[in-house]
Structure formats: C-alpha cells, structure tokens
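Undergrad: Residue numbers (my numbering), protein chains in the order written: chain A, 1 to 303; chain B, 304 to 843.
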Amino acid sequence: MEVIKVENLTKDYGNGRGIFDLNFSVNKGETFGFVGTNGSGKTTTIRHIMGFLKQQKGSCYVMGMDAWKKSSEIKKYVEYIPGEIAFPDLATGTEFLKSQAELLGLKDMSYANKLIEMLQLDTSANLKRMSKGMKQKTAIVAALMADKEILILDEPTTGLDPLMRQTFLEIIEAEKKKGKTILMSSQMFNELETTCDRVALIFGGRIVDIADVNKIKHTTFKSYKIEFINKKDYEYFKTLNFKIVRDQEKYNQVTVKISNSHLKELFAELKKYKLKFISEVDYNLEKYFMEILNKDKRSDENV
Amino acid sequence: MFSKALFKQSAKANWMRWLTVTVATCVMLAIVIIVLGNLAINDIRDSLKNVFVQADQESSLKEEAVDAYELYMTSVDTYNQTASFSGMLGVVTNTYDGKVNTYKTENDGAEPSDEQKQIYIEETATQYSGFAGFVGMEEAELKAYITSILNFYITKYDATKDEVLFDQYFLEQVYTEAYAVEIAKEDATVESATERANSAKEIAAAAISQYKTDASAQDYEYKRENYVSYATNYVNNTIMYDNVYKMQIQAGATEDEAKEYAVTVKVISNTAISTYELWLVEYENQNADVEITAEQKADAKSRACESITDQIPEKVGEALSELGNMDMYGLIIGSIFYRIAGLLLPMVFVIMTANSLLAGQVDSGSMAYVLSTPTKRRTVTVTQMMYLLWSLFAMYAILTVVSVISVWVVGGNSFAINFGEILLFNLGAFLTMFAFAGFCFMCSAIFNRSKHSLSIGGGLTIFMLVCTILGLFGSDVVPSAMRIDAMNFFNYLSIISFFDTVSILNSTLSYLWKFGILLAIGVVTFIIGVFRFDKKDLPL
C-alpha cells in the first residue's frame, strides 16, 4: 500500500531552483530516504508532503488524501521533525511538551516518558538555553510521543555529535521495527544506507535515481585493489581478461571488479605474483550514486 | 476554529509584555487625570476668561447707561418741540367732542359708529391744520399728528389718571417705539420687550416731569445743556445704582456688598455718559451749525462703551479670548493622552504581539510544531486573533476602570471631563487599537518574515502616530496663536483622526460614524489576514 505518493510534483522558484516532476511513492512500513546536496530540493519536497506548500503542478497524496487540501487531516497520521529547530516561546521543555500534547489531543504520556527516559533528557531545562543536542532530543520526543503511523524527518542528524547521532539512528531503527512508514532526508549517505530500504538521490530538483539499499549491500560484484611489487607482474596482469576499473601505473596498482562466481579464478591467478597488498573496496550507496552521477555527466559531455 | 492549547501558549509567550504595557499605561493615565484634577491648570485660563467676561459685562452696562441717557435727552428734546401744541389740544378735543355730542342729540343719545367717528376726526384735523405755522409744522404733518392724537383720545386715553392727554399720548409713543425696537432684536421675547419698553416709558416720564418743573419756573427757556446733568444724575442714581442695588439684594448679597457693587456700576455708568456727552460736544463743534447725524451718535456711543478688550488689537484679542476659552483638560487628556501618549505603549504591544503570533513563528520555524498536529491553519489564525483581541480588550477594560476611578477621585462629574466622556475616550482608544491590531495582524499573516511584517505593520502604525503628533499643531484644539494650519495635513495621513475626541467633548455625534470606520478597518484587515494565511506557502 502506498502511504505517500508523489506524482509529477513541481514547484519552480525560478533560476533553476525548486523541484521538477518528482515521482515516487513510499509503501507502508518502508523507510524511504532522500539524499542530495544543499538546495537540491529535499526540504521543498517534504514541505509539500506536509501540506505547508502548494504545488504548482502534479499531486501529492498521504494516506490517499491530498496533502495540501487535507493538510490538517493527514496530520492525524504524520509526525514531523523539522530541519530547523525553533521552539515556541515557552519557558521549559516540560511546558512545551505539555502544550504539544494538548495540541495533539494526547492524554496518555507514558510513551513520551519512555522516550524521555531513553534519551536521558532533562525536560525541566530552559528551552532557549538548551544545547543543539538537547533541543533535538526534545523535538524527537515532541514528534514521536503521539506514536502515529508515518514519521517524516528533515535532515534530523545535522549538527549532532557522532554519539548523539548513533542514539538517534537507534531510535529510528526502533520506530521502523514497529512498522512505521518513515521518510527522512539527509546529506549523509551512510546513515541513510543503514536505516533506509530505498533511497532517492535528488539533484537540481530532480530525482536522479531511486536505489534499493538491500540490493546495493548484497551486490553480485566485488572490487579489489591490488598493488604489485614488480612492474613486470603488473604489466602482465593487465593483459589478462579481468575487468579493471581503475589503473594507477605509478604505484603498480589496479582495481578489479569481479563477480562473486569468478572470485576463485582471480585468487588462483594472484597466487603467481608477489603482491604488496590486496584489499577489498567497499561498494556502497555513495559509490553507486557517484557512478550514476558520473555516467550522467559523461553522457552530458558526449552530447 | 479555536484551540485552547494554542491560546494558552500565546498567553504564556506574551503575558510579560502585556502586563508591562498595561501597568505602565494605567499609571500614566492615573497620574495625568489626578495631577490635572488637583493642579487646577485652568486658573490662568479662568482669569483670562474673566477679563473677557467682565469686559463684556462692563460694555453692556455702559451701553445701558448711554441708551438711558440718550432716551432721556431725546424725550426732553421731543417734548420741548411739541409742547407748544399741547395748549391747542384742549380746543381740538372740544371741537371733536362737540361734533360727537351733536350727533348724540340728533340720534336720541346713541353713540356714533366707528366710521362716523373717523369722519369727525378727519373733519377736526382738517379744520385745525391751518394752524401749522403757529406750532412750527407743515400742514399735512399737523393734520396727521392731530389724527393720531384724536385716535389715542377716543381709544386709549385714561381720563382718571392725573395726567394730561398730551403727556399720556407722548409716553405711549415712547413705549410703542421702544417696544418695536426691542422686539426686532434677536432672542427678544414679548416679556423682555414689554419690560424694556416700560423702563423706556419710565425714563421718558422722568424727563417730562423734570421739564415741567423747569417750565413752571417763570423765566423758563429750554436749554439742552441744563438737562445734561439732570439726565446724568437720573441715569446714574435711579437707573443704574438703584436697580443694581435692588438686584444684588434680591440675589442674596449683604447691604454693604450690594452698595459697593452698585457704586462701581454707578462709576462705570458715569464714565460712559461723560465720554458720550464729550464726544457729542466734539461732533457738534466739528459740524458747526449742522445737526449731529445718526452715525456720529452711534460712533460716540461705541467710543463711550469701549471696554479694555476693545482697545487690544483685534487679532491679539481673538487669540487671548480663544486661550481663555480653550479646554485644557480636553486637550491634555483627550487629544494628547488618549490619542497620542496613551496609544504608544499599546501600539508597541500590538505591533510586537501581532508579529510574534504568526510571522514570527513562521520565520523562526516554530509554527511547524503547531501545524504538525491536526490543527487547521484557520484554527491557528482565529485562535491567535482571539488572543490579540482578548489581550487588547482586557488592557482597555483595566484602563477604563483605572480612568473612571481616577476621575472619581478628582471629583466625578464635577471634574472638567465627566464619566461619560472618559468612557467614550476609552472606547475610542480601544477601537483605534482594534484597527491597528487588525492591520498588524494582517501584515503578520501575509509575510513570512518578521522583518517584513514588522517594518510594514509596525512602521505604518508608528508613522500614523507620528503624523497625529505633527497634526496636533494644525488642529483646532491648539489655540490659533500656536497653530500652524498647514500641519493639519498630517491628520489626513493617520487613521487616529477617526478617534474624534473633540466631537466627544462637544457632544456632537460625528464621533459615532468615525468609530464605525475604525471598527470596519479592524474587521476587514482581520478577515483578510485570516483568509490570506490559509492560502499561502509556509516555509516550515
């Protein structure tokens, strides 16, 4: 079931800024990621889904409802952590969470308290003097306490220290396990890679590609970087029928891409040479997208 | 359409500002009213006013004296001119009576009809008109005169009175003339005209009696100069002194007080009459043999009746008189406090609060927390509007209580500004702030940036206040000596001009439709704000 469905969504701010003809959908229980540089359109897309912006073209549905027209209706299912953390003008975290609970119509605060405990958050602190990490924790509690079906996060880890980021990702993981549908944006490939099922790369307001993270993690190819001690061996190896993706003559280095089924042949061959080192090159989301972007660039240049 | 939680949030976020502004404005207002009430700022103004009132009174006293004097002199003059006729009058009436008696004999004692009487009068008048030369009149003139006297003789003559026919006729003429002059005046009533005519008759009677006394002396020859002192004495003592004395006693003054005041009046009267007579003599000399004209008399009178204020140049006099009539309490409490000083702090509250309720939260991004709950945008705007209106209403409710108490402390309705006026001032100030609140709220709803909302909403609001300050120097409440009329232009740039404190103080009703305009401005801008916020993009 498609919980979020975006079709030909367009918002043109002029000068090439904005989003253009976005198409994607997020299924129930799925964790969907958005990755892209600053100004690529991640936040604009999320604001459309939240019903804060009105699309110029296309449509945007949440739970089958028009996100703009039924903006308040969809909030019954959506919880949101905004990119910029600015709280209402209230004294303490407790006061803010109480006010937020009232707005949500939430009477049972047990889950909120559990979250506070998990995050080791001191809610009695002055809202204005909170550190970035504390503010983020407060924002997380405020968003998650109603325990709704869809969670939307806009660059939630920006500005967090690595330890905080780890805790945060654990919470997301827990929410995911509960079966929540999650949509999050980030500039970091690795955190999306660990949490998301699918990741969309957005560039210049357009979706370049939507990658299935599981497929990337379990590729049928592996890449190895090999350095030969002797130049002669290096030269000889290159003549063999292996797919060389990178060649660094200066260091006698080659990077070989080989399918899992041919691994034995490679290692049998390598036994014949004196090697300085051999290491497996990680293949990840970043590499995957870089390849796509480079391919695009190359094809652009060819045209 | 209304969220209690959001209302509470707004109240918590803005209560400090609300309290500060409310307390400060209340203190200012109480000080203004109480200090003004005890300081009696109108003392100088009152004394200035008294100068003009006294000058007016003095002037009218002088006029009365000169009029009485003039009447006395004219009566004596006229009587003297026509007195030679009075001797002849016995023969004339006898002739007429003879005709009537003949008629009666012929008709078995029946009275002749009115038409028949007129015929006898006509006959008699014609018969004696030939004597015109003896009494120094034209023939036609004498005939008309005899007709007039005979008519008086048969209709109004009261033979039982110890007065001769001619005197009665003369006094009747004086009465009729004086009555005609009086009733023609503005705001004259039958009573006032009758009273004036009676006193004119009294003066004329006094004049005639004096004339007769003199005439009975053997070597009498009419000399006007002789009557100057008679007339002066009569007017000073009988008309002015006695009357004033009686009136003062009636008004409850002690004898000494009444005497003192009456003497003052007598002195004023004497001065006026002397001046008048001096001017008449002066004109007489200028004219040589020609009679004094009516204009010259009027001129002499106006010179005699001049008061202190008439000697001040006209423009200066006007300015002083205006200062004397200026309502200082109305100016300071109405035009300065309620329209300027007392608006400033509530304005700051409205500008800042209206901005923080919408634009400020959109700009900072905190609006995202409200809108990520199932709260409609319409609910947000309506709730925030309610908060703004409620806080403003509470502020002015408290201000109203404070102002009413302050007015009560300084003397209630006897204070220069009464309870009704102070209530209307508060209502007007509230409606003015309501209009500004609507405008600032609209700006806050339209703009996503605080700086835009503040510079348009707040900027224009403060601009209008400044225009009202500048416009004050061109408005009618400032005395003309300090007024620069061109500055009134600024009043057209500010909606505060619709808060018409002058109309409230003058109890005219034009403030009502102006209140309506303020209300309309507020309602329309609030509605625009609410609808605009529904439709716009929010960068949250």
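Virtual Cβ for every residue (Gly too), placed ideally from N, Cα, C.
Quick one: what does DSSP say Ser72/A is sitting in, helix, strand or coil?
TA: DSSP places Ser72/A in helix when its eight states are reduced to three.
Undergrad: Suppose contacts are defined by Cβ-Cβ distances below 8 Å. Is Val842/B in contact with Lys75/A by that definition?
TA: Per the sequence presented here, residue 842/B reads as Pro, with Val not at that position. Contact flag unset, no.
Undergrad: Using the beta-carbon count (16 or more within 10 Å), is Asn729/B buried or exposed?
TA: Classification of Asn729/B: buried, given that the 10 Å Cβ count is 16 or more.
Undergrad: Taking only the alpha-carbon atoms, compute the straight-line gap between Phe836/B and Ala91/A and give it to the nearest angstrom.
TA: Each residue's Cα considered, the two are about 27 Å apart.
Undergrad: Have a look at the DSSP bridge pairing and note the partners of Asp417/B.
TA: BP columns for Asp417/B are empty, so no partner.
Undergrad: Kindly indicate which three-state DSSP category Ala200/A falls into: helix, strand or coil?
TA: Of the three classes helix, strand and coil, the one that applies to Ala200/A here is strand, per DSSP.
Undergrad: Can we say the stretch 43–58 of chain A touches the stretch 100–110 of chain A, given the rule of at least three CB pairs closer than 8 Å?
TA: Result no; under three Cβ-Cβ pairs closer than 8 Å.
Undergrad: Please look up how many angstroms separate the CB atoms of Leu768/B and Ile654/B, rounded, as I've assumed it's under 8 Å.
TA: At roughly 11 Å, the Cβ-Cβ gap does not stay under 8 Å, so Leu768/B and Ile654/B are not in contact.
Undergrad: For Ile824/B, count neighbouring C-beta atoms within 10 Å of its own C-beta (all shown protein chains included) and say buried if the count is 16 or more, exposed if not.
TA: Its Cβ being crowded by 16 or more others within 10 Å, Ile824/B is buried.
Undergrad: For Leu285/A, count the other beta carbons within 10 Å of its own beta carbon; 16 or more makes it buried, fewer makes it exposed. Which is it?
TA: Under this definition Leu285/A is a buried residue.
Undergrad: Would a C-beta distance cut-off of 8 Å place Val78/A and Ile150/A closer than the cut-off?
TA: For Val78/A and Ile150/A, yes; Cβs fall inside 8 Å.
Undergrad: Would you check if the distance between the CB atom of Thr138/A and the CB atom of Phe168/A is smaller than 8 Å?
TA: It is not a contact, given that the beta carbons lie outside the stated cut-off.
Undergrad: Regarding Ser99/A and the ligand ZN, is the C-beta to nearest heavy atom distance less than 7 Å?
TA: Questions concerning the ligand ZN fall outside what the structure shown contains, since it holds no ligand whatsoever.
Undergrad: By the three-class DSSP mapping on this structure, what secondary structure does Phe829/B have?
TA: In the structure shown, Phe829/B sits in a helix (DSSP, three-state: H, G or I).
Undergrad: Between Asn126/A, Val199/A and Phe203/A, which lies nearest to Asn214/A when the distance is taken from Cα to Cα?
TA: Ranking Asn126/A, Val199/A and Phe203/A by Cα distance to Asn214/A puts Val199/A first.
Undergrad: Enumerate, from N- to C-terminal direction, the unbroken alpha helix (DSSP H) stretches of 4 or more residues contained entirely within the stretch 544–623 of chain B.
TA: Listed in chain order, the complete alpha helix (DSSP H) runs (minimum 4 residues) inside the stretch 544–623 of chain B are 546–553, 558–590, 597–607 and 611–614.
Undergrad: Along chain A, in chain order, which residues have C-beta atoms closer than 9 Å to that of Asp840/B?
TA: Lys11, Arg47, Phe52, Leu53 and Lys54, listed in chain order.
Undergrad: Helix, strand or coil: how does DSSP classify Thr44/A here?
TA: Note: Thr44/A maps to helix in three-state DSSP.
Undergrad: Assuming Met736/B contacts Pro616/B (C-beta within less than 8 Å), just tell me the rounded distance between them.
TA: At roughly 45 Å, the Cβ-Cβ gap does not stay under 8 Å, so Met736/B and Pro616/B are not in contact.
Undergrad: Between Phe87/A and chain B, is there a C-beta pair that is closer than 8 Å?
TA: So, interface residue.
Undergrad: 8 Å is my cut-off, CB to CB: does Ser694/B come that close to chain A?
TA: Output row for Ser694/B: interface = no.
Undergrad: Can a CB atom of chain B be found closer than 8 Å to the CB of Tyr80/A?
TA: Yes, contact with chain B.
Undergrad: Do Leu468/B and Leu392/B have their CB atoms nearer than 8 Å?
TA: Contact flag set, yes.
Undergrad: Mind listing the chain C neighbours of Gly668/B? Cutoff is C-beta to C-beta under 7 Å, in chain order.
TA: As a matter of chain content, chain C is missing from the structure shown, whose protein chains are A and B.
Undergrad: Going by beta carbon distance, what residues of the same chain come within less than 6 Å of Leu119/A, once the five residues before and after it are set aside?
TA: Excluding residues within five positions, the ones whose Cβ falls inside 6 Å are Lys137.
Undergrad: Does any residue of chain B bring its CB to less than 8 Å from the CB of Gln304/A?
TA: There is simply no residue 304/A to check, as chain A begins at 1 and stops at 303 in what is shown.
Undergrad: Just to check my reading of the structure: Tyr530/B and Val369/B have Cβ atoms closer than 8 Å, yes? What is that Cβ distance to the nearest angstrom?
TA: About 15 Å; that fails the 8 Å criterion.
Undergrad: Tell me which residues share the same chain as Gln430/B and place their Cβ nearer than 8 Å to its Cβ, disregarding the 5 neighbours each side in the sequence.
TA: Cβ within range, chain order: Thr398.
Undergrad: Between Ala386/B and Ser624/B, what straight-line distance do the alpha-carbon atoms span, to the nearest angstrom?
TA: Between Ala386/B and Ser624/B, the C-alpha separation is close to 50 Å.
Undergrad: Would you call Tyr699/B buried or exposed, if buried means 16 or more other Cβ atoms sit within 10 Å of its Cβ?
TA: Label assigned to Tyr699/B: buried.
Undergrad: Under 8 Å, with one C-beta from each stretch per pair, do the stretch 325–343 of chain B and the stretch 541–552 of chain B reach the 3-pair mark?
TA: Not touching, per the Cβ criterion.
Undergrad: Within the 8 Å Cβ cut-off, does Lys75/A reach chain B?
TA: Answer yes: the Cβ-Cβ gap between Lys75/A and chain B drops below 8 Å somewhere.
Undergrad: Please report the Cβ distance between Val538/B and Lys504/B, rounded to the nearest whole angstrom; I am assuming they are in contact, meaning their Cβ atoms lie under 8 Å.
TA: So it is not a contact: roughly 15 Å between Cβ atoms.
Undergrad: What residue ranges within the stretch 149–225 of chain A form continuous beta strand (DSSP E) runs of no fewer than 3 residues, ordered along the chain?
TA: Fully enclosed beta strand (DSSP E) runs of 3 or longer: 150–154, 181–186, 198–203 and 206–212.
Undergrad: Closest Cβ-Cβ distance between Val303/A and chain B: below 8 Å?
TA: Low confidence applies here, because Val303/A scores a pLDDT of 48, under 50, leaving its location unreliable; read the following figure in that light. Taking Cβ atoms only, chain B never reaches closer than 8 Å to Val303/A, which makes this a no.
Undergrad: Please classify Trp816/B as buried or exposed, where buried requires at least 16 neighbouring CB atoms within 10 angstroms.
TA: With fewer than 16 Cβ atoms within 10 Å of its Cβ, Trp816/B is classed as exposed.
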